[in-house]
Amino acid sequence: MGVMIDGVYHTDDPGPDTTEGGEFKRAEAKIRDWVTTDGPFLPEAGRYHLYVAWNCPWAHRALITREVLGLQDAISVSYARPRRTDQGWVFDENGEYSDPEMGVSAIHQVYARQTPGYTGRCTMPVLWDRETRQIVSNESADVIRMLLAFGTGPDLYPEHLRDEIDRWNARIYPNLNNGVYRAGFARTQEAYDVAVAEVFETLDAIEDRLQDTPWLAGDQITEADIRLFPTLARFDVAYHSAFKCNLRRIIDYPALWAYARRIYALPGVAGTVRFEIYKNGYHSKSELRNPLGIVPAGPLIDWTT
Ligand SMILES: N[C@@H](CCC(=O)N[C@@H](CS)C(=O)NCC(=O)O)C(=O)O
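Under this note's numbering, the residue at position 5 of the sequence shown is numbered 823, and the numbers go up by one with no gaps.
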């Protein structure tokens, strides 16, 4: 996977962003427009298209939000092949991993349409505007929030719970959603030790919280739950072994495991989950983490109970 400079894609892999202490830092998303009822990107059914990959947890948030808000007909989707190449995320000519929207063969071709020329990583997910023929946003946190502008489904960011939602998001993103990557991509023992401790402190805190309330922010499902779920779905099959987050598994936390299965059982959510793809993807060949690319057989976990 490469990087784009002034609208031109370069295949040299910049590698995960690492600071001097061997710590992984995720680059900030750069295309940050918004769909709002004030425009110019109006919430209109049939206007937007989502580019995703099954294995990407950030794309997964957007897919779940689309299901929970009932926007399947309003917003169309292209699924990239769930394995990155030196062309980044790529598409086939036909079939489930093709792009019905523009027929691109790689996501960088979508980024190449931005004016002025885009510089940065060509990440998933991408929210594309058919009308102005440009990307609205490549930041999943913004994308899930802006889908609320369509005014369908439950309010996932209700006024009276915003402080609570913000507090959980601010804790869960660095320490857990991205924390597992900080553990898995650490280049030093120290960086790993810090990251893995934060992962489990956060899971412990969530387990405590779920003793008192059914959902993170209180008595209704919110954006905070949707942002947490992709990490839970990948944890036992992938992060536990591939990223060495192995103090405990999600199934070892009674309240958290019941909560994870409750989200999985919501209409449309199971259809956004691909456990085999997570296992294969995170255990794919990597010089630093898994040089032989051997994929473990287990674990055997039943999410439908
Ligand atoms: N902040 C972004 C991060 C997205 C992201 O890092 N996506 C990964 C896949 S899981 C990606 O596409 N990486 C490609 C690259 O870094 O070149 C978001 O949440 O939307």
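All C-beta atoms, glycine included, are put in the ideal place defined by N, C-alpha and C.
Fair warning: this is a prediction, and the values are worked out from it, not measured in the lab.
Continuous beta strand (DSSP E) stretch holding residue i: start and end
i: I1081; result: Run containing I1081: none in the beta strand (DSSP E); it sits in the alpha helix (DSSP H), P1072 to Y1082.
i: D947; result: V944 to D947
i: H828; result: V826 to H828
From the options, residue whose alpha carbon lies closest to that of residue i
i: I953; options: T970, F968, A967 and R931; result: R931
i: P972; options: D960, D1037 and N1098; result: D1037
i: P1085; options: A1051, L887 and P943; result: L887
i: L1110; options: S896, Y1100 and G1116; result: Y1100
i: A959; options: G938, N912, E885 and R1045; result: R1045
i: N987; options: L1034, V1012, D1026 and N1098; result: L1034
i: S896; options: D917, D1026 and E1016; result: D917
i: R884; options: A1042, V821, R963 and K1103; result: R963
i: A1051; options: T1040, F859, K1097 and T933; result: K1097
i: E862; options: G833, R939 and L965; result: L965
i: A924; options: D1011, A1115 and A871; result: A871
i: V1087; options: N1064, V944, A880 and V961; result: A880
i: R939; options: P832, Y1057 and T854; result: P832
i: G935; options: T1049, T1123, M822 and F859; result: M822
i: I1081; options: I1039, Q905, T937 and H1058; result: I1039
i: H828; options: T836, D835 and M819; result: M819
i: D1026; options: W1075, W1121 and L945; result: W1075
i: D830; options: I893, Q905 and T854; result: Q905
Residues bridged to residue i (per DSSP)
i: R1067; result: DSSP output for R1067 lists no bridge partner at all.
i: S955; result: R850 and L945
i: M822; result: Y827 and G938
i: N1108; result: S1104
i: T903; result: G906
i: I893; result: Y866
i: A924; result: V908
i: I916; result: The displayed chain sequence assigns Ser, not Ile, to residue 916. According to DSSP, which records beta bridges pairwise, S916 is partnered with D910.
i: T836; result: F842
i: W1033; result: G1036
Distance, residue j Cα to residue i Cα
i: V922; j: E914; result: 14 Å
i: T941; j: W876; result: 10 Å
i: F1093; j: A967; result: 31 Å
i: V1055; j: N993; result: 19 Å
i: W907; j: R1107; result: 20 Å
i: P1032; j: Y1077; result: 7 Å
i: H867; j: F909; result: 15 Å
i: G825; j: H926; result: 9 Å
i: E977; j: A1042; result: 14 Å
i: V1014; j: S1104; result: 20 Å
i: R865; j: V998; result: 35 Å
i: G969; j: V961; result: 14 Å
i: G1116; j: S1102; result: 15 Å
i: L1118; j: T937; result: 42 Å
i: Y869; j: I990; result: 24 Å
i: F1053; j: E911; result: 32 Å
i: H878; j: F1018; result: 22 Å
i: C1063; j: E1008; result: 14 Å
i: D1030; j: N995; result: 22 Å
i: I882; j: L889; result: 10 Å
i: M920; j: D1011; result: 44 Å
i: E1016; j: E949; result: 43 Å
Delimiting residues of the alpha helix (DSSP H) encompassing residue i
i: M920; result: First-last for M920: undefined, no H or E at that position.
i: S958; result: S958 to M964
i: H978; result: Here H978 belongs to no alpha helix (DSSP H), and DSSP marks it neither H nor E.
i: I1024; result: Q1007 to D1030
i: I1044; result: E1041 to R1052
i: Y869; result: Note, Y869: premise wrong, no alpha helix (DSSP H); beta strand (DSSP E) at Y866 to V870.
i: I882; result: P875 to V886
i: V998; result: G997 to G1002
Check your understanding: Okay, do the region 981–989 and the region 886–904 touch, 3+ Cβ pairs below 8 Å being the bar?
Key -> Three or more Cβ pairs closer than 8 Å define a contact, and the region 981–989 falls short of that threshold against the region 886–904.
Assess contact between the region 996–1011 and the region 826–843, defined as three or more Cβ pairs (one per stretch) separated by less than 8 Å. Is contact present? With a cut-off of 8 Å, the region 826–843 and the region 996–1011 count as touching, because enough Cβ pairs lie within range.
- May I ask you to verify whether the region 846–855 touches the region 944–960, counting CB pairs closer than 8 Å and requiring at least 3? Three or more beta-carbon pairs drawn from the region 846–855 and the region 944–960 are found closer than 8 Å, and the two stretches are therefore classed as touching.
- Item | At least 3 beta-carbon pairs within less than 8 Å: the region 1018–1032 vs the region 1061–1075 | yes
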